[in-house]
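Enquirer: Counting in numbering that gives the first Met the number 0, the sequence shown tops out at residue 179, every number present.
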Amino acid sequence: MPLDVKAAVADALLELIRRKDADKITVKDLVEVCGISRQTFYYHFKDIVDVVEWAAQQGVQRLVRESLNAATPQEALGVFVDFAVESQPLVQRLLNSQRREAIERIMVDATRTYLADSLRERRGTPALRAGDWKIALDFYAYGMTGLLLENCRQRDLDRQELADQLFRLLSGEMVRPPET
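(1) Nearest-angstrom Cα distance between residue 99 and residue 93?
(2) Count the other CB atoms within 10 Å of the CB of residue 124; is the residue buried (16 or more) or exposed (fewer)?
(3) Excluding five sequence neighbours on each side, which residues of the same chain lie with their C-beta closer than 6 Å to the C-beta of residue 109?
(4) Going by Cα to Cα distance, which pick from 175, 24, 169 and 162 is closest to residue 81?
(5) Report the residue from 166, 22 and 157 whose alpha carbon sits nearest the alpha carbon of residue 114.
(6) Just to confirm, are residue 40 and residue 26 a CB contact at a threshold of 8 Å?
(7) To which residues of the same chain is residue 29 closer than 7 Å at the C-beta, ignoring the five residues directly before and after it?
(8) Is it buried or exposed, residue 22, if we count other Cβ atoms within 10 angstroms and call 16 or more buried?
(9) How many whole angstroms separate the CB atoms of residue 136 and residue 111, which I take to be in contact at a CB cut-off of 8 Å?
(10) Determine the burial state of residue 134: buried for a count of at least 16 other Cβ atoms within 10 Å of its Cβ, exposed for fewer.
(11) Determine the extent of the alpha helix (DSSP H) in which residue 135 is found, giving its start and end residues.
(12) Considering only residues of the same chain and omitting the five flanking positions on each side of residue 160, which have a CB-CB separation below 8 Å?
(13) Would residue 169 and residue 139 qualify as a contact pair, given that the criterion is a beta-carbon distance under 8 Å?
(14) In whole angstroms, give me the CA-to-CA distance for residue 0 and residue 67.
(15) For residue 32, collect the residues of the same chain with a Cβ closer than 6 Å to its Cβ; drop the 5 residues on either side in sequence, then sort them by chain order.
(16) Do you know how far the Cα of residue 175 is from the Cα of residue 47?
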């Protein structure tokens, strides 16, 4: 299956989720919409969660590319916040499904990848022990995912303010004691 057909399966799934309860979407629905065989689907994906995971990975790669074009780290985080806000209705539908645990894992993994790739591209790999790097990424990925899930539900969310707050939190500026 060429990449564009694989993307078509992911796009079809996301479109079905917008119209139908995520728990009621089957592989049969996807193969019918895409005009492919079940064998083709299972050759490339284990299950529907695998499609969501692949789509999330593609989205993260796109976000990293877009955020690298931003002039400042705050603007780069703004790209991520904008994506989270715009994806919120779809994400909420997925979280309301029986696949919630898998979706949460995918979201945290996507956030971790975004943070790691963005940091490496902007500043190189930090001079931390491998275990420290992993725990720092996990901490920030879980924290950012939770903050985004909570804040993206607000109708009057100031996206720029949230991006600025995330930057100050990630940079340590928010928690640094004031200089005397």
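Beta carbons: idealized from backbone N, C-alpha and C, even for Gly.
Expert: Checking against the coordinates, here is how it stands:
(1) 7 Å
(2) exposed
(3) 55 and 59
(4) 162
(5) 166
(6) yes
(7) 8, 11, 12 and 40
(8) exposed
(9) 5 Å
(10) exposed
(11) 129-150
(12) none
(13) yes
(14) The predicted position of residue 0 is uncertain, since its pLDDT is 47 and thus under 50; no value can be drawn from it.
(15) 11
(16) 44 Å
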